[in-house]
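Trainee: Order-wise, the sequence lines are chains U and E. If you read the first sequence in this note's numbering, its first letter stands for residue 707, the second for the next number, and so on. If you read the second sequence in this note's numbering, its first letter stands for residue 31, the second for the next number, and so on. Quick reminder that beta carbons are idealized off the backbone N, C-alpha and C, glycines included. Quick one: the structure is below, questions incoming.
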Amino acid sequence: MFRKVLVANRGEIAVRIIRSCREMGIETVAVFSTPDRDALHAQLADEAICVGPAKAQDSYLNIKNILSAAIVTGCDAVHPGFGFLSENPCFAELVSKCGLAFIGPDGDVIRAMGNKSEARRRMIECGVPVVPGSKGGVGSVEQGLKAAAKIGYPVLIKASAGGGGRGMRKAFSPKEFASAFTTAKAEAKACFGDDEVYVEKLILQPRHIEFQILADNRGKVIHLGERDCSIQRRNQKMIEESPSRALNSELREAMGAHAVQAARAAGYRNAGTVEFVLDKDGNYYFIEMNTRIQVEHPITEMITGLDLVQAQISIAYGEKLSWQQKNIKFSGHAIECRINAEDPTQGFRPSAGRIESYLFPGGPGVRIDSAIYPGYYIPPYYDSMIAKLIVHGRSRREAIEKMKMALEEFWIEGVTTNVSFQKAILSNQDFVDGKVNTHFIENH
Amino acid sequence: MEFAEIKQLMREFSDLPITKLDLEWDKLKISLEKQVAGAVQTVDQPVTCQPITVVNQPPAVVLSDEDDCKARANETAVCSPVVGVYYSTPSPDAAPFVQVGQSVKKGQTLCIVEAMKMMNEIPAPVSGKITRILANPEEAVEFNQPLMFIQADE
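As structure tokens, this is what we get:
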């Protein structure tokens, strides 16, 4: 097994990875920016190296310093977590070039799947259903209008290099198309440095259903079920649950098989997620593939009983997948609420500050993934998520009740959080009845 | 006890005016002794320390005392801009770039930090005199780690 792993990330996911490494007897090296010197991940790791100043670009995205840190500390592998460098194909390739293992898929797979229109093309080629849309990127408004006419309105204009819900604009008619097209291109350029866009049919009242897949280095691919991430605010996920109310076992089997096929077509290795949209008539379409471990992976862990980060590390080491698809069993229902330091009454403005004290909920089936501690000062430079609250119940009803009680127990002093907003969603009758889609938050 | 901690202990022992130190910690026994010109002090009994509860594991990069790492009045710190390995000489057999007490000009190369085979020459941020050199040759250094201090010219 690897002797030493560098965790190229921060916050709760870095803590999560460090924990798995410790359980596997692997030494850990953390990297941190100057304001993160006292962060939990830097304290828990066996060694910690400062890699730059506050700005992520100069620290957590500083490939040179991070690689150098891995080399001077004698690491054999690097785990990139999610966000930051996890889907940077150059970083993945450089890690390998330096003789270290990258805990994730190959750089060229990351590159291929990172280009959304290229990913679509591959799926079309291998028969995985995709959202009706343009064959590749669309260069001009005229080309776009032609494509949109063929697809049928309403349409969605999406950045090829996009992700995280950015660089997307809707157009409900040819009249709206031109301005939506130009705005999407501009946002794509600003966020991703690449203004290539493509056009897709806009699925109305969609549910966001994603499948977790695991692939070893010998070509074996399995899926670990779906996650329903329909509760989103401005395309940022807030609540995720597994399994999805919208899937029966036939649909799960069909979508799961397509997810596995998608991963195979991509030449995928390690843990990944295949995203679909499901319309109200039960039709599903491939949207994109996320070539990393995801924020919401714990809910899959709760219903399958598997440790996904440990699986990632074993696969990267070269071990073969020990589970067969038929042995993967799903038990009960899991829900995750993302707890962010933000003020819902002030337009969800991030609330930086010092965590004076807090009390986390507990008990059977309650899990918290977090990197905060009393006295910790939340730096304003990174995202506002401070904890993930995950519950598991024997049924969806039980999980919802457990989550409501856990949110009641959750108490934090020093920063404002979205806990009350989460409580409101969990108490909403439509949510309880399972009537959700990605417009849930705006509509309520 | 980690090797890095033993190295630090030896370094501090050599700085302090004691000539003999016997340490027992867990199942480890360390005995340090040195000659000091001038007054000779003897320690009659072996000093046994309470095991230190280390909440944070020490980082791979061994920093000296908190005080040592901070610039004193009139001192300007020369900090590493990258993560890498510190070298005090331009090549293995050459003389060091600078020594304590030496006057340097702004922009003059003080040392090298090697990051992945690339040699980064670290320039003096100000003209002045080298007061202290903290980093040790071939030691791993992190971003912003103080390598040495300069007392700037008026």
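Can you give me the Cβ contacts of Ala853(U) inside the same chain, cut-off strictly under 7 Å, excluding the 5 residues immediately before and after it?
Mentor: Against the first sequence, residue 853(U) aligns to sequence position 147. Here the set comprises Ser840, Val844, Val905.
Trainee: Beta-carbon separation of Val966(U) and Glu916(U) under 9 Å?
Mentor: Here the question's residue 966(U) lines up with position 260 in the first sequence. Here the question's residue 916(U) lines up with position 210 in the first sequence. No. Outside cutoff.
Trainee: Please classify Ile863(U): does DSSP put it in a helix, a strand, or coil?
Mentor: Counted from its first residue, the first sequence places residue 863(U) at position 157. Here Ile863(U) sits in strand by DSSP.
Trainee: Mind pulling the chain A residues with CB within less than 8 Å of Ser774(U)?
Mentor: As a matter of chain content, chain A is missing from the structure shown, whose protein chains are U and E.
Trainee: So, does the CB of Thr740(U) fall closer than 9 Å to a CB anywhere in chain E?
Mentor: Here residue 740(U) refers to the residue found at position 34 when the first sequence is read from its first residue. True, the Cβ-Cβ gap to chain E drops below 9 Å.
Trainee: Quick one: residues in its chain with C-beta nearer than 6 Å to the C-beta of Lys1141(U), no 5 flanking neighbours on either side, listed in chain order?
Mentor: Here residue 1141(U) refers to the residue found at position 435 when the first sequence is read from its first residue. Cβ neighbours of Lys1141(U) beyond the five flanking positions: none.
Trainee: For the stretch 757 to 781 of chain U, enumerate the residues whose C-beta is nearer than 7 Å to any C-beta of chain E, in chain order.
Mentor: So the list reads Val757, Gly758, Lys770, Asn771, Leu773, Ser774, Ala775, Ile777, Val778, Thr779, given in the order they occur along the chain.
Trainee: Would you mind working out which of Thr1006(U), Ile1084(U), Glu994(U) sits nearest Pro835(U), comparing C-alpha positions?
Mentor: Taking the first residue of the first sequence as 1, we reach residue 835(U) at position 129. It is Glu994(U).
Trainee: For Ala896(U), is the classification buried or exposed, using 16 other Cβ atoms within 10 angstroms of its Cβ as the cut-off for buried?
Mentor: Counted from its first residue, the first sequence places residue 896(U) at position 190. The residue is exposed, with fewer than 16 neighbouring Cβ atoms inside 10 Å.
Trainee: Note down, in chain order, all residues in the stretch 141 to 172 of chain E with a beta-carbon under 7 Å from any beta-carbon belonging to chain U.
Mentor: Against chain U - using a Cβ distance shorter than 7 Å - the residues of the stretch 141 to 172 of chain E are Ala145, Met146, Ala170, Glu172.
Trainee: Which word fits Ala972(U), buried or exposed, when buried means at least 16 other C-beta atoms lie within 10 angstroms of its C-beta?
Mentor: On the first sequence, position 266 is the one that residue 972(U) refers to. Answer is buried; the Cβ neighbour count reaches 16.
Trainee: Compute the Euclidean distance between the alpha carbons of Ala775(U) and Val861(U), then round it to the nearest angstrom.
Mentor: Position 69 of the first sequence, counted from the first residue, corresponds to residue 775(U). Position 155 of the first sequence, counted from the first residue, corresponds to residue 861(U). C-alpha separation (whole angstroms): 46 Å.
Trainee: Run through chain U and tell me which residues come within less than 7 Å of Asn174(E), C-beta to C-beta.
Mentor: What you label residue 174(E) is simply residue 144 of the second sequence in a count that begins at 1. Those within 7 Å of Asn174(E) in chain U are Thr740, Cys756.
Trainee: Please list the terminal residues of the continuous beta strand (DSSP E) segment that includes Arg41(E).
Mentor: As a position in the second sequence, residue 41(E) is number 11, starting the count at 1. Premise fails: Arg41(E) lies in the alpha helix (DSSP H), 33 to 45, not in any beta strand (DSSP E).
Trainee: Give me whichever residues DSSP pairs with Pro153(E) in a beta bridge.
Mentor: The residue you call residue 153(E) lines up with position 123 of the second sequence. Answer is Thr139(E).
Trainee: So, with DSSP's three-state summary, where would you put Glu893(U)?
Mentor: Taking the first sequence and counting its residues from 1, the one referred to as residue 893(U) is at position 187. Three-state DSSP puts Glu893(U) in a helix.
Trainee: Do Ile772(U) and Leu791(U) have their beta-carbon atoms positioned less than 9 Å apart in this structure?
Mentor: The count along the first sequence starts at 1 and reaches residue 791(U) at position 85. The count along the first sequence starts at 1 and reaches residue 772(U) at position 66. Yes; because the gap between Cβ atoms is below 9 Å, this pair is in contact.
Trainee: Indicate whether Phe887(U) and Arg875(U) have their beta-carbon atoms separated by less than 9 Å.
Mentor: Here the question's residue 887(U) lines up with position 181 in the first sequence. Here the question's residue 875(U) lines up with position 169 in the first sequence. Contact flag set, yes.
Trainee: Taking the straight line between their C-alpha atoms, what separation do you get for Gln132(E) and Ser1020(U)?
Mentor: Position 102 of the second sequence, counted from the start, is the residue given in the question as residue 132(E). Position 314 of the first sequence, counted from the start, is the residue given in the question as residue 1020(U). Using only the alpha carbons, I get a separation of about 53 Å.
Trainee: May I have the straight-line CA-CA distance separating Gly842(U) from Ala154(E), to the nearest angstrom?
Mentor: Residue 842(U) sits at position 136 when you count from the first residue of the first sequence. Residue 154(E) sits at position 124 when you count from the first residue of the second sequence. The alpha-carbon atoms of Gly842(U) and Ala154(E) are separated by roughly 53 Å.
Trainee: Under a CB-based cut-off of 9 Å, is Cys796(U) close to chain E?
Mentor: If you number the first sequence from 1, residue 796(U) lands on position 90. No - not a single Cβ of chain E is within 9 Å of the one on Cys796(U).
Trainee: Got a sec, what are the start and stop residues for the alpha helix (DSSP H) Ser1126(U) sits in?
Mentor: Here residue 1126(U) corresponds to residue number 420 of the first sequence, with the count starting at 1. Taken as a continuous stretch (DSSP letters only), the alpha helix (DSSP H) holding Ser1126(U) covers 1125 to 1133.
Trainee: Taking only runs that begin and end inside the stretch 715 to 759 of chain U, name each unbroken beta strand (DSSP E) of 3 or more residues, in chain order.
Mentor: Complete beta strand (DSSP E) runs here, min 3: 733 to 739, 753 to 758.
Trainee: Do Gly978(U) and Ala921(U) have their C-beta atoms within less than 9 Å of each other?
Mentor: Locating residue 978(U) in the first sequence gives position 272, where the first residue counts as 1. Locating residue 921(U) in the first sequence gives position 215, where the first residue counts as 1. The answer is yes: Cβ separation under 9 Å.
Trainee: Could you please give me the residues that DSSP links to Arg939(U) through a beta bridge?
Mentor: As a position in the first sequence, residue 939(U) is number 233, starting the count at 1. DSSP output for Arg939(U) lists Gln942(U) as bridge partner(s).
Trainee: Is it a yes or a no for the stretch 1029 to 1048 of chain U touching the stretch 1117 to 1135 of chain U, going by three-plus beta-carbon pairs under 8 Å?
Mentor: Contact holds: three or more Cβ-Cβ distances are below 8 Å.
Trainee: Within its chain, find whatever has a CB closer than 6 Å to the CB of Lys1110(U); leave out the 5 residues flanking it on each side and keep chain order.
Mentor: For the purposes of this step, residue 1110(U) is taken as residue 404 along the first sequence, with counting starting at 1. Same-chain partners within the cutoff: Leu1132.
Trainee: Do we get a CB-CB distance below 9 Å when we pair Cys832(U) with the residues of chain E?
Mentor: As a first step, residue 832(U) is located in the first sequence; it is residue number 126 there, counting from the start. False, the Cβ-Cβ gap to chain E never drops below 9 Å.
Trainee: From Lys891(U) to Asp901(U), what does the alpha carbon distance come to, in whole angstroms?
Mentor: Counted from its first residue, the first sequence places residue 891(U) at position 185. Counted from its first residue, the first sequence places residue 901(U) at position 195. Those two C-alpha atoms are separated by around 5 Å.
Trainee: Say whether chain U places a C-beta atom closer than 9 Å to the C-beta of Gln87(E).
Mentor: What you label residue 87(E) is simply residue 57 of the second sequence in a count that begins at 1. Because the pLDDT of Gln87(E) is 39, which lies under 50, any placement of that residue in the model is unreliable, and the number read from its coordinates should be weighed accordingly. It does; some Cβ of chain U falls within 9 Å.
Trainee: Under 8 Å by Cβ, that's how I've got Ile1061(U) and Ile1118(U) pegged, so tell me the actual separation to the nearest angstrom.
Mentor: Working through the first sequence from its first residue, we reach residue 1061(U) at position 355. Working through the first sequence from its first residue, we reach residue 1118(U) at position 412. Yes, Ile1061(U) and Ile1118(U) are in contact; Cβ-Cβ is about 7 Å, under 8 Å.
Trainee: Quick one: what's got a C-beta closer than 8 Å to Thr1151(U)'s C-beta in the same chain, skipping five residues either side?
Mentor: Outside the shown range of chain U, which is 707 to 1150, sits residue 1151(U), and nothing can be said about it.
Trainee: Can you check the stretch 788 to 833 of chain U for any alpha helix (DSSP H) of at least 4 residues that lies completely inside it and give the ranges in chain order?
Mentor: Listed in chain order, they are 795 to 803, 813 to 820, 822 to 832.
Trainee: Mapping DSSP to helix, strand and coil, what is Gly869(U)?
Mentor: For this step, residue 869(U) is matched to residue 163 along the first sequence. Coil at Gly869(U), not helix or strand.
Trainee: Does the ligand FMN have a heavy atom nearer than 8 Å to the CB of Ala720(U)?
Mentor: Summarising the ligand content, the structure contains no ligands, and the ligand FMN is consequently not present.
Trainee: Measuring alpha carbon to alpha carbon, tell me which of Asn794(U), Glu946(U), Lys1032(U) ends up nearest Ile816(U).
Mentor: For the purposes of this step, residue 816(U) is identified with residue 110 of the first sequence, where counting begins at 1. Considering only alpha carbons, the answer is Asn794(U).
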